[in-house]
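Q: One structure, as structure tokens, below. Some questions next.
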């Protein structure tokens, strides 16, 4: 589960899976705001100030628990160091100049560290201006809008992430009456959401 | 003659879909051509707009469980994460449901 940490805007890491049958997976968000301030060009506008880095799982080997823990910690530290290298952002802005608006997932960052890194650019879209309602007399602005990007946070990840034309909008009910989710999702997914939300 | 944009927009049956289309085209997030293709694909694969309500109590229960695990998470992120859990991992979802209970 991806959970943004509002206290440490620059870097935060969280466990992704609770499934004991798959290797441990971690992901973290990293701010690229400073890089964009210095390097943004009109031909390569990147609107989202955060990237999501998905750390590839460590190979499963028989070793003491302490050794596994240490290997995991070293791997995460290497990934964080790699993300701080701005070369991957240079690669992305170069791509954006050729194909504006392209959502992109990079398989590595200049060969420094093997990591899946997702960069997107959609926060300029006026989603917050949408009007939502369950009762026409109680129209509300979205509390959260999330375009759905193929590959987030799927396992395994595809070669390239891209907006897939779906969107989820969350908005507050009137008088604190819970929350509403409006989205265009597959029938089967809706059915499963209904089943587990009751 | 109606523009390509108007032609595609006229296919959308709900206000939410039309609003979404307007936002995406005005911000150039997608081209009209791409949206037309996605719309056709969506119609054929039975994608649809729907709305579901999460009670305040349900969300607060999820938040409290996350908090007990040492994670503070916003109500909105919880709901968004929920979609991804349901979409991508039935095994993981089962485990989370177990935790939530």
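Chains as they are written, first to last, in the numbering used here: chain P, 860 to 1057; chain X, 5 to 105.
By construction, the Cβ of each residue, glycine as well, lies at the ideal position given by its N, Cα and C atoms.
(1) Strictly by DSSP, which residues pair up with residue 1040(P)?
(2) Which stretch, first to last residue, makes up the beta strand (DSSP E) that contains residue 910(P)?
(3) The alpha helix (DSSP H) that contains residue 955(P), what's its start and end?
(4) State the start and end residues of the unbroken alpha helix (DSSP H) segment that holds residue 924(P).
(5) Ends of the alpha helix (DSSP H) at residue 27(X)?
(6) Can you give the Cα-Cα distance for residue 7(X) and residue 1044(P), rounded to whole angstroms?
(7) With a threshold of 7 Å between beta-carbons, can residue 955(P) be considered close to chain X, or not?
(8) Just tell me which of 927(P), 1039(P), 977(P) has its CA closest to the CA of residue 950(P).
(9) Taking residue 986(P) as the query, report the chain X residues whose CB atoms sit under 7 Å from its CB, ordered along the chain.
(10) Would you call residue 1031(P) buried or exposed, if buried means 16 or more other Cβ atoms sit within 10 Å of its Cβ?
(11) Quick one, are the C-beta atoms of residue 18(X) and residue 1039(P) less than 7 Å apart?
(12) Straight-line CA distance for residue 897(P) to residue 889(P)?
(13) To which residues of the same chain is residue 997(P) closer than 6 Å at the C-beta, ignoring the five residues directly before and after it?
(14) Do residue 1029(P) and residue 25(X) have their beta-carbon atoms positioned less than 7 Å apart in this structure?
(15) Report yes or no: is there a C-beta of chain X within less than 7 Å of the C-beta of residue 989(P)?
(16) In chain X, which residues lie less than 8 Å from residue 983(P) when you measure between Cβ atoms?
(17) For the putative contact between residue 27(X) and residue 1042(P), defined by C-beta atoms under 8 Å, what is the C-beta separation to the nearest angstrom?
(18) If you draw a straight line from the C-alpha of residue 924(P) to the C-alpha of residue 931(P), how long is it?
(19) Do residue 891(P) and residue 948(P) have their C-beta atoms closer together than 7 Å?
(20) Please determine, among 40(X), 57(X), 9(X), the residue with the shortest C-alpha to C-alpha distance to residue 994(P).
(21) Just list the residues that DSSP pairs residue 890(P) with in beta bridges.
(22) Give a yes or no on whether 7 Å exceeds the smallest Cβ distance from residue 890(P) to chain X.
(23) Kindly indicate the opening and closing residues of the alpha helix (DSSP H) around residue 11(X).
(24) Anyone know if the C-beta pair for residue 11(X) and residue 53(X) falls short of 7 Å?
A: According to the data block:
(1) Taking the first chain and counting its residues from 1, the one referred to as residue 1040(P) is at position 181. Residue 1040(P) is bridged to 1029(P), 56(X).
(2) The sequence position of residue 910(P) within the first chain is 51, counting from 1. From DSSP, the beta strand (DSSP E) with residue 910(P) extends over 909–914.
(3) Working through the first chain from its first residue, we reach residue 955(P) at position 96. Residues 946–957.
(4) Taking the first residue of the first chain as position 1, residue 924(P) is located at position 65. Residues 924–942.
(5) Taking the first residue of the second chain as position 1, residue 27(X) is located at position 23. Looking at the DSSP string, the run of the alpha helix (DSSP H) that includes residue 27(X) is 19–30.
(6) The sequence position of residue 7(X) within the second chain is 3, counting from 1. The sequence position of residue 1044(P) within the first chain is 185, counting from 1. For residue 7(X) and residue 1044(P), the distance between alpha carbons rounds to 27 Å.
(7) Counting from 1 along the first chain, the entry for residue 955(P) is found at position 96. Closer than 7 Å: no.
(8) Stepping through the first chain from its first residue, residue 950(P) is reached at position 91. Of 927(P), 1039(P), 977(P), the residue nearest in Cα terms is 977(P).
(9) As a working note, residue 986(P) is residue 127 in the first chain. Ordered by position in chain X, the residues that pass the 7 Å Cβ test against residue 986(P) are 27.
(10) Position 172 of the first chain holds residue 1031(P). So residue 1031(P) ends up on the buried side.
(11) Here the question's residue 18(X) lines up with position 14 in the second chain. Here the question's residue 1039(P) lines up with position 180 in the first chain. Their beta carbons are not under 7 Å apart, which means residue 18(X) does not touch residue 1039(P) by this criterion.
(12) Here residue 897(P) refers to the residue found at position 38 when the first chain is read from its first residue. Here residue 889(P) refers to the residue found at position 30 when the first chain is read from its first residue. If I take the Cα positions, the gap works out to 17 Å.
(13) Indexing the first chain from 1 puts residue 997(P) at position 138. Taken in chain order, the residues that qualify are 1033.
(14) Start at 1 with the first residue of the second chain, and residue 25(X) comes out as number 21. Start at 1 with the first residue of the first chain, and residue 1029(P) comes out as number 170. In this structure, residue 1029(P) does not lie closer than 7 Å to residue 25(X) by Cβ.
(15) Walking along the first chain from the start, residue 989(P) turns up at place 130. Closer than 7 Å to some Cβ of chain X, the Cβ of residue 989(P) qualifies, so yes.
(16) For the purposes of this step, residue 983(P) is taken as the residue at position 124 of the first chain. Those within 8 Å of residue 983(P) in chain X are 31.
(17) Residue 27(X) sits at position 23 when you count from the first residue of the second chain. Residue 1042(P) sits at position 183 when you count from the first residue of the first chain. About 14 Å; that fails the 8 Å criterion.
(18) Reading the first chain from its first residue, position 65 is the one you call residue 924(P). Reading the first chain from its first residue, position 72 is the one you call residue 931(P). One C-alpha to the other measures close to 11 Å.
(19) In the first chain, residue 891(P) corresponds to position 32, counting from 1. In the first chain, residue 948(P) corresponds to position 89, counting from 1. For residue 891(P) and residue 948(P), yes; Cβs fall inside 7 Å.
(20) Counted from its first residue, the first chain places residue 994(P) at position 135. Nearest of 40(X), 57(X), 9(X) to residue 994(P), Cα basis: 57(X).
(21) For the purposes of this step, residue 890(P) is identified with residue 31 of the first chain, where counting begins at 1. 909(P), per the DSSP bridge assignment.
(22) Position 31 of the first chain, counted from the start, is the residue given in the question as residue 890(P). No, its Cβ sits nowhere closer than 7 Å to a Cβ of chain X.
(23) Along the second chain, one-based indexing puts residue 11(X) at 7. Looking at the DSSP string, the run of the alpha helix (DSSP H) that includes residue 11(X) is 8–15.
(24) For the purposes of this step, residue 11(X) is identified with residue 7 of the second chain, where counting begins at 1. For the purposes of this step, residue 53(X) is identified with residue 49 of the second chain, where counting begins at 1. Cβ atoms of residue 11(X) and residue 53(X): not closer than 7 Å.
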